[in-house]
């Protein structure tokens with residue numbers, strides 16, 4: 461059975477990845493509701509906005525509407541690009557915001573080698589939208605310009621490469637879309653690898669359990 465939350469009115473904010481909608485996070489959201497959290501899933505048109513616009517026009521207005529009780533905290537669980545959107549918000553957040561903990565699932569924290577390889581093609585830029593210019597691995601890319609992760613942020617990464625089409629770009633240690641090395645970031649509180657891939661990491665009970673442990677304790681360790 462899921463363990464209960466730290467505080468009965470703590471909220472978890474879910475942020476989806478590129479090409480997804482907030483409905484893609486419904487299973488992890490359902491699990492966290494069973495764990496006793498309030499859950500809100502925030503959507504943004506990932507193919508049509510920059511990371512800054514995702515923060516300013518979608519994430520920040522949604523957070524401003526949260527009903528946060530005194531003494532409760534707001535946690536975050538993100539998938540892929542959603543982790544970079546969260547980091548962009550966290551880098552400029554109001555210090556008074558009752559931030560608790562965050563778990564980033566499969567985040568391209570050091571940029572995407574796939575973007576490096578493919579964004580030269582016009583159809584890729586059209587398909588991915590403005591973020592295609594932001595997600596490279598160069599030092600000036602958005603992920604590499606955000607500084608350390610905020611305190612109490614953990615990373616869960618998959619190690620199942622089920623997309624051989626990108627293996628020549630990513631090498632052997634990836635989840636099929638993001639390399640394990642690229643998911644790491646300065647300031648991470650904890651990191652764990654689980655047997656899943658980039659797409660299905662948001663569907664795995666083992667991932668949900670690890671998320672809940674971190675939100676409760678600040679660690680992915682069991683027991």
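Residue numbers (my numbering): 461 to 683.
We treat Cβ as the ideally placed atom computed from N, Cα and C, and that holds for glycine.
Note that the coordinates shown come from a computational prediction; the quantities given were computed from them, not determined experimentally.
For this session: For residue 664, collect the residues of the same chain with a Cβ closer than 6 Å to its Cβ; drop the 5 residues on either side in sequence, then sort them by chain order.
Result: Residue 664 sits at position 204 when you count from the first residue of the chain shown. Hits under 6 Å: 656.
Problem set entry | Span of the beta strand (DSSP E), counted from its first residue to its last, around residue 485 | Taking the chain shown and counting its residues from 1, the one referred to as residue 485 is at position 25. Neither: residue 485 is in no beta strand (DSSP E) and is coded neither H nor E.
Exercise. Taking residue 469 as the reference, which of 674, 601, 596, 494 has the closest Cα?
Worked result: Reading the chain shown from its first residue, position 9 is the one you call residue 469. Nearest C-alpha to residue 469: 494.
Exercise. Quick one: what does DSSP say residue 574 is sitting in, helix, strand or coil?
Worked result: Translated into positions along the chain shown, residue 574 becomes position 114. Three-state result, residue 574: helix.
For this session: Tell me whether residue 445 is buried or exposed, calling it buried when 16 or more other Cβ atoms sit within 10 Å of its Cβ.
Result: The question about residue 445 has no answer, for the chain in this structure spans 461 to 683.
For this session: May I have the straight-line CA-CA distance separating residue 676 from residue 520, to the nearest angstrom?
Result: Counting from one through the chain shown, the residue named residue 676 turns up at place 216. Counting from one through the chain shown, the residue named residue 520 turns up at place 60. Rounded to the nearest angstrom, the two C-alpha atoms are 25 Å apart.
For this session: Can you tell me which of the three DSSP states residue 681 falls into?
Result: As a working mapping, residue 681 is identified with position 221 in the chain shown. DSSP, reduced to helix, strand and coil, places residue 681 outside both helices and strands of the structure shown, so it counts as coil.
For this session: Would you check if the distance between the CB atom of residue 543 and the CB atom of residue 507 is smaller than 8 Å?
Result: In the chain shown, counting from the first residue as 1, residue 543 sits at position 83. In the chain shown, counting from the first residue as 1, residue 507 sits at position 47. No, the Cβ-Cβ distance between residue 543 and residue 507 is not below 8 Å.
Exercise. Quick one: is the Cβ of residue 603 within less than 7 Å of any heavy atom of the ligand SAH?
Worked result: As for the ligand SAH, it is missing from this structure, which has no ligand bound.
Exercise. Can residue 661 and residue 616 be called in contact, C-beta distance under 8 Å?
Worked result: Counting from one through the chain shown, the residue named residue 661 turns up at place 201. Counting from one through the chain shown, the residue named residue 616 turns up at place 156. The Cβ atoms of residue 661 and residue 616 sit closer than 8 Å to each other.
For this session: Specify, as a first and last residue, the run of the beta strand (DSSP E) that residue 561 falls within.
Result: Against the chain shown, residue 561 aligns to sequence position 101. In this chain, the beta strand (DSSP E) harbouring residue 561 covers 559-565.
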